[in-house]
Amino acid sequence: MHLIYPSITYTTAALFVLSALSVKRIIVLRFLYLLGSILYFIYGFQIEVLEIIFWNGINILINSVRIGLYFLEIKPWFINPTDLQLYNSFFKQFMLPGHFRKIIKLAEKIIYRDTIILKEDVYNKELYFVIRKQGQLLVRAEHYSGKLYEHNFFGEMSFLKGQKTNASIQIIGEATCYHWSEENLQILKKNYPNIFSTLILILSHDLIQKLNLSQTCPV
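For what it's worth, the working numbering labels the leading residue of the sequence shown as 271, then goes sequentially.
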C-alpha cells in the first residue's frame with residue numbers, strides 16, 4: 271500500500287469522482303465513482319483512518335451491486351434456452367432481458383390439449399401467449415372464424431378494455447402457452463410499473479398487427 275504516496279492515491283481518486291460527475295450515462299458514472307471509491311479505500315489504509323475505510327467500503331459495496339444489477343438487466347443470463355429463443359425471436363425488440371425474466375417469472379407455462387382455452391362472452395382479466403403449437407388454434411365467434419399462430423397473444427382485447435370476450439379460443443391438438451393470472455398481472459403492475467407499461471405497448475402492437483393483416487379476430 272505504502273509504495274504509492276497517499277497524495278497520489280487521493281488525487282487520482284478525486285479525478286475519478288470528478289469525472290463521474292461530468293458524464294451522462296448512469297453506468298459510466300457508477301463505474302468511475304466505484305474506481306474513485308476503491309482508491310479512497312486504499313488511501314484510508316495508507317493514512318490509517320478507519321472512517322475513510324468504512325464509508326468508502328460501503329460505497330464500493332453499493333456501486334458494485336448496482337453495476338451487477340445493471341448487467342443482469344441487459345444480459346440474457348439465467349434464462350433457459352427455450353425461453354431465450356422466444357425472447358430473441360419476439361420479445362427482444364420490445365424489452366431488456368431482465369424485464370423479460372420478470373414477466374415470465376409471473377407467468378405459468380401450460381400445455382393445452384384438445385380443449386377450449388378461453389370461452390366467448392365472458393369477462394376476462396387474464397392474458398395468454400402462444401409459445402408453440404402442434405395442430406390448429408382456432409378463433410371461433412358467431413360471425414367469424416380464424417386461427418392463431420405461434421407468438422400471438424390472446425385475451426388481450428378483453429383484458430385491455432375490461433369487456434367480455436368476443437370469441438372463443440379452441441386448440442385442436444396441443445398448444446404450449448404462457449398464462450398470466452389477474453393476480454400476477456396486478457403484481458406486475460404494482461411492483462414493476464414500467465415493465466407493465468411496456469407489456470401494454472406490446473399488446474397494442476400485437477392488436478394492430480392482427481387488424482392490419484386481418485390475421486385473426488382480437489379476443
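We treat Cβ as the ideally placed atom computed from N, Cα and C, and that holds for glycine.
Two segments are said to touch when three or more pairs of C-beta atoms, one from each, lie closer than 8 Å; by this definition the segment 375–382 touches the segment 449–464. Sequence-distant partners of residue 386 (beyond 5 residues in either direction) whose C-beta falls short of 6 Å from its own C-beta, in its chain, are 438 and 440.
Using a 10 angstroms sphere on the CB of residue 432, the tally of other CB atoms stays under 16, which defines it as exposed. Counting the other CB atoms within 10 Å of its CB gives residue 347 a total below 16, which places it among the exposed residues.
Contact check for residue 412 against residue 450 fails: the beta carbons are separated by 8 Å or more.
A distance below 8 Å separates the beta carbons of residue 383 and residue 444.
In this model, residue 364 and residue 471 are separated by some 9 Å (Cα to Cα).
Residue state for residue 453 is assigned as helix, using DSSP reduced to three classes. Rounded to whole angstroms, residue 429 and residue 423 show a C-alpha spacing of 11 Å.
Counting along the chain, no alpha helix (DSSP H) covers residue 274, and no H or E run does either. Residue 305: member of the alpha helix (DSSP H) spanning 296–317, first to last residue. The beta-carbon distance between residue 303 and residue 290, rounded to whole angstroms, is 4 Å. This is short enough to meet the 8 Å contact definition. Separation of the CB atoms of residue 352 and residue 309 is rounded to 45 Å, and the pair is thereby denied contact status at 8 Å.
Every unbroken stretch of the alpha helix (DSSP H) spanning 4 or more residues and falling wholly within the segment 308–370 is given here in chain order: 320–344 and 351–359. Per the coordinates, the alpha-carbon of residue 349 lies some 44 Å from the alpha-carbon of residue 316.
Counting along the chain, no beta strand (DSSP E) covers residue 428; the unbroken alpha helix (DSSP H) around it starts and ends at 426–431. In terms of Cβ geometry, residue 373 and residue 458 form a close pair [threshold 8 Å]. For residue 414, the enclosing beta strand (DSSP E) stretches over residues 414–418.
Cβ-Cβ distances below 7 Å link residue 399 to 423, 447 and 448 in the same chain, with the five nearest sequence neighbours on each side left out; the list follows chain order. A Cβ-Cβ contact shorter than 8 Å links residue 311 with residue 323. As far as DSSP is concerned, residue 466 takes part in no beta bridge.
Residue burial is scored here from C-beta neighbours: residue 401 has at least 16 other C-beta atoms within 10 angstroms and is therefore classed as buried. Your pair residue 368 and residue 343 checks out as a contact, with CB atoms roughly 3 Å apart and the cut at 8 Å.
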